[in-house]
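Residue numbers (mature numbering (1 follows the signal peptide of the UniProt record, and there is no 0)): -25 to -1, 1 to 73.
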Amino acid sequence: MRLLISCPTQPLAPLLLGLMTAATAQSVDYSQYVNPLMGSEGPMAGKGYGGGDIFVGGARPFGVTKVGIDTTAANWSIAVLNGGWTPDGNVTAISMCP
């Protein structure tokens, strides 16, 4: 087995490779584009009335098990609970839905 010790650029190759990798690999935070509450509010900002009936929370695996908060609204006359969540409500429980 022959080693390429005589090549003057061989000690610099790992350094150059590391610099090129660090320069091209940029960390982009895509979570800034995610809104998990999208569709949960109605036409009035901060109100659940008229919102889509979606589940606000994580669902794993494949949507089988859902863990989320249960809330109650202060004014029940205009309250519509969207999947157990309302933006201006009080947290009453944490539940798991099968």
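Backbone N, C-alpha and C define an ideal beta-carbon position, used for all residues, glycine too.
In the structure shown, the three-state DSSP call for residue 6 is helix. When the alpha-carbon of residue 39 is set against those of 8, 65, -12 and 71, the nearest one is in 71. Straight through space, the alpha carbons of residue 37 and residue 7 are spaced by roughly 23 Å.
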